[in-house]
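Asks: So the protein lines, in turn, are chains A and B.
For the first sequence, the residue numbers in my numbering are 7 to 226.
For the second sequence, the residue numbers in my numbering are 7 to 226.
Glycine included, C-beta positions come from ideal geometry on N, C-alpha and C.
There are 2 protein chains.
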Amino acid sequence: MIEDDDRIRLALTLALEDEGYVVRSAATAEEGLLSQRREPADTVLVDLMLPGIDGFQCIRELRRTDDVPVVVISARDDTHDIVAALEAGADDYLVKPAATKELTARLRALRRRARPLPAAQPAELVLGELEVRPLAGEVLLRGEQLTLTRTEFRLLSELAEHAGQVLSRQQLLQRVWEYDFGDERLVDVHVGRLRQKIEDNPGSPQRLVTVRGLGYKMPR
Amino acid sequence: MIEDDDRIRLALTLALEDEGYVVRSAATAEEGLLSQRREPADTVLVDLMLPGIDGFQCIRELRRTDDVPVVVISARDDTHDIVAALEAGADDYLVKPAATKELTARLRALRRRARPLPAAQPAELVLGELEVRPLAGEVLLRGEQLTLTRTEFRLLSELAEHAGQVLSRQQLLQRVWEYDFGDERLVDVHVGRLRQKIEDNPGSPQRLVTVRGLGYKMPR
DNA sequence: TGGGGTTTGTCACAGAACTGTCATGCGTCC
DNA sequence: GGACGCATGACAGTTCTGTGACAAACCCCA
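(1) Are at least three pairs of beta-carbons, each pair with one atom in the stretch 145-160 of chain A and one in the stretch 131-143 of chain B, less than 8 Å apart?
(2) Could you list the residues in the stretch 66-94 of chain B with a C-beta less than 7 Å from some C-beta on chain A, going in chain order?
(3) Tell me the rounded alpha-carbon separation between Tyr222 (chain B) and Ser210 (chain B).
(4) How would you write the range of the alpha helix (DSSP H) that Gly38 (chain B) sits in, first residue to last?
(5) Using a Cβ-Cβ cutoff of less than 6 Å, which residues in the same chain neighbour Thr106 (chain A) once the five nearest sequence positions on both sides are dropped?
(6) For the alpha helix (DSSP H) that Ile88 (chain A) lies in, which residues bound it at each end?
(7) In the DSSP assignment, what residue or residues form a beta bridge with Gln151 (chain A)?
(8) Starting from the C-beta of Leu6 (chain B), find all residues in its chain whose C-beta is less than 7 Å away, skip the five residues before and the five after it, and write them out in chain order.
(9) For the alpha helix (DSSP H) containing Asp191 (chain B), list its first residue and its last residue.
(10) Does DSSP put Ser163 (chain B) in a helix, in a strand, or in coil?
(11) So, with DSSP's three-state summary, where would you put Thr19 (chain B)?
(12) Count the other CB atoms, across all protein chains shown, that sit within 10 Å of the CB of Thr71 (chain B); report buried if there are 16 or more and exposed otherwise.
(13) Which of helix, strand or coil does DSSP assign to Arg66 (chain B)?
(14) Could you tell me the distance, in whole angstroms, from the CA atom of Asp11 (chain B) to the CA atom of Leu146 (chain A)?
(15) What did DSSP end up calling Asp10 (chain A) once you bin it into helix, strand or coil?
(16) What does DSSP give as the partner residues of Tyr99 (chain A) in its beta bridges?
(17) Roughly how many whole angstroms lie between the Cα atoms of Asp73 (chain A) and Glu205 (chain B)?
(18) How many whole angstroms separate the CB atoms of Val217 (chain B) and Val182 (chain B), which I take to be in contact at a CB cut-off of 8 Å?
(19) Between which two residues does the alpha helix (DSSP H) containing Ile137 (chain A) stretch?
(20) Over what stretch of residues does the beta strand (DSSP E) that includes Thr216 (chain A) continue unbroken?
(21) Tell me, to the nearest whole angstrom, how far the beta carbon of Val77 (chain A) is from that of Arg43 (chain A); I am working on the premise that it is less than 8 Å.
(22) Keeping to the same chain, check which residues put their C-beta closer than 8 Å to that of Arg117 (chain A); ignore five residues upstream and five downstream.
(23) In whole angstroms, what separates the C-alpha of Arg201 (chain A) from that of Glu164 (chain A)?
(24) Using the C-alpha atoms, what's the distance from Gly61 (chain B) back to Arg199 (chain A)?
(25) Which of helix, strand or coil does DSSP assign to Ala47 (chain B)?
(26) Of all the options A:Asp84, A:Asp87, A:Thr34 and A:Arg175, which has the alpha carbon lying nearest to the alpha carbon of Cys64 (chain A)?
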């Protein structure tokens, strides 16, 4: 739980512990993010109005590396806030004061959907002369570090993670851009840019190949 | 959407269609369940107070066979109802009148969590010297990769998946081309092209044989 | 707060690849 | 022999891809 108001934190903690939950709490986003990185909880509750990094930012930060279910608990019931929080990556949004019963019911509902542990992302993916380190955020080609933009990096990670498997432009749009629809040309363009950086001869790609009519893949 | 109030159904439908959703609606749980069974939607909205089978029961019924995300939209904001709906298997609960923006944001959040359809696709089909890998989008003949077009690939996959079984031109048109009618010669042409690639001697096909009067098959 | 450089997404376009149709020809079956 | 089913080469229209240009959004720094 990330919540700066001591009284609310205490009250919620007690209520949840009563229900059998084990709660760990932090008063700031920084503290919470650190804690989650060190010892991942299986659900995160977060307030929106926090000192320093606010709740929205906190969620986005969390989402960059973590697929943990996130529930916002906020005093504000403004539609705009709700939408923004959900867009930032939250899974649910409750308005304070929230009934404990409702909170725990929503937590249970969410946990039903939670993906069975994201198969511990490997620290390093090696594809021939190319090494991708998702956690470190770096890519090495023949041991030399490449400078990729964030989009390129995510695209590469996604493809590398499914090496040997064709990913359609739609799948890539969804996983890399989180678009549910959109212009597939966008993928082409970024693939093109990525090739400039990871291919020895971008004209005839070896590492990131087109599977005509289906999508792209990196040969295993 | 399962909602008995005509006006609300219409209003919600319009609002959602405005956002790009395709909406199908039913006025009763029975109707809705049937519709979902016949042609599964990827998300279900359901009201709680319905004539006949009520919303709770409807959700439980749905859940027996379907993992589709379910969002309750109800006029009652009683904690007890919320908890009961979530326990019944709902994923989210909104109180009417709900802001369209919030609804769509919650739908998006939910869809992020929705499990991808259990793609019961075999990773590899082996037919003698021929290997078909649907996921990788590749076909190997004696270990060597072939370059097939998408149509050829789909045609081969379909035939390989039903190896030993004759598929009529009509069946192939339906499954590969998704045509419900059409010139059967089309199949011949593509079979011919495919043979050029997978047969050692396309003149007397061994792997993809004609069954005169019936169709084509790949011997098991 | 205001540049200046990056990164992103959109568009238009050209070349390559693919598709569906047709006409022709061959073999088979009755 | 004729009817029929099938194979195949040619071809024109369509689709798919890669790319350069460009503007909007973003980021960093003074």
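Replies: Per the coordinate set shown:
(1) Short answer: they don't touch.
(2) The residues in question are Thr85, Ile88, Val89, Leu92 and Glu93.
(3) If you draw a straight line from the Cα of Tyr222 (chain B) to the Cα of Ser210 (chain B), it comes to about 14 Å.
(4) Run containing Gly38 (chain B): Ala35 to Arg44, per the alpha helix (DSSP H) assignment.
(5) So the list reads Ala21, once near-sequence residues are dropped.
(6) Ile88 (chain A) -> alpha helix (DSSP H) spans Thr85 to Ala94.
(7) Per DSSP, A:Leu146.
(8) There is no way to answer for residue 6 (chain B), as the model of chain B reaches only from 7 to 226.
(9) The sequence shown places Arg at residue 191 (chain B), rather than the Asp named in the question. Arg191 to Ile204 is the extent of the alpha helix (DSSP H) around Arg191 (chain B).
(10) The answer is helix: DSSP assigns Ser163 (chain B) an H, G or I state.
(11) Three-state DSSP puts Thr19 (chain B) in a helix.
(12) That one is exposed.
(13) Three-state DSSP puts Arg66 (chain B) in a helix.
(14) Spanning the two alpha carbons is a distance of roughly 60 Å.
(15) Asp10 (chain A): coil per DSSP, three-state reduction.
(16) In the DSSP output, where bridge partners are listed per residue, Tyr99 (chain A) has A:Val78.
(17) Roughly 47 Å separates the two Cα atoms.
(18) About 17 Å separates the two Cβ atoms, so there is no contact after all.
(19) Note that residue 137 (chain A) is Glu in the sequence shown, not Ile. DSSP places Glu137 (chain A) outside any alpha helix (DSSP H); the residue lies instead in the beta strand (DSSP E), whose first and last residues are Leu136 to Arg139.
(20) Element bounds for Thr216 (chain A): Val215 to Val217.
(21) At roughly 19 Å, the Cβ-Cβ gap does not stay under 8 Å, so Val77 (chain A) and Arg43 (chain A) are not in contact.
(22) Excluding positions up to five away in sequence, the list reads Asp48, Thr49 and Pro75.
(23) Arg201 (chain A) and Glu164 (chain A): Cα-Cα distance of roughly 15 Å.
(24) Those two C-alpha atoms are separated by around 51 Å.
(25) Ala47 (chain B): coil per DSSP, three-state reduction.
(26) The shortest C-alpha separation from Cys64 (chain A) is found at A:Thr34.
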